[in-house]
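Below: the structure, in structure tokens.
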């Protein structure tokens, strides 16, 4: 717990200093700006590879199911979540939040403060609903993390994605 608190403290103070130096003091040279851009690119590449690993595990398990799980996907005897309920609603919420945050970004660039606020408000609303529905989906799931490869890949991939949405919501708020 102390380690997490320390990491959060360092991140918050570091980001505060970067924002202060850039916005108020104008201290970022072109070399610093290039370094920040490279850092962001590397972070995005890391995130893509991180989620790629989960997709790899899912596709490996589903396209070539092993004998241990009955040789079928989903594993024999496992009740799965219908994709037409909460998963579809959450997909619509995520796509909608992507559209509204893009609208807010263009409004900020165009100097349209009211539209930017509306876009960010809608984005936050969609994100809060998504997180709530994801939580409900976890509670009502007919399987658990311990139900073999299906449960573990489902909860790891959707859990980390939900965590990313939660962190993004906090940053936007």
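Numbering (this note's numbering), first residue to last: 2 to 174. Backbone N, C-alpha and C define an ideal beta-carbon position, used for all residues, glycine too. The model shown is predicted, which means the values in this text are computed figures rather than measured ones.
- In terms of CA proximity to residue 145, 81 leads the group 69, 57 and 81.
- CA-CA distance, residue 92 to residue 143, rounds to 20 Å.
- Here the alpha carbon of residue 104 sits roughly 12 Å from the alpha carbon of residue 112.
- With the rule of 3 Cβ pairs closer than 8 Å, the segment 44 to 56 counts as touching the segment 148 to 167.
- Burial state of residue 62 is buried, judged by a 10 Å Cβ sphere holding 16 or more other Cβ atoms.
- By the Cβ criterion, the segment 144 to 158 is in contact with the segment 69 to 80, since at least three pairs of Cβ atoms, one from each stretch, lie closer than 8 Å.
- The beta carbon of residue 44 is closer than 8 Å to none in its chain, skipping five residues each way along the sequence.
- In terms of Cβ geometry, residue 128 and residue 119 do not form a close pair [threshold 9 Å].
- Counting C-beta atoms within 10 angstroms of its own C-beta, residue 135 has 16 or more neighbours from the protein chains shown and is therefore classed as buried.
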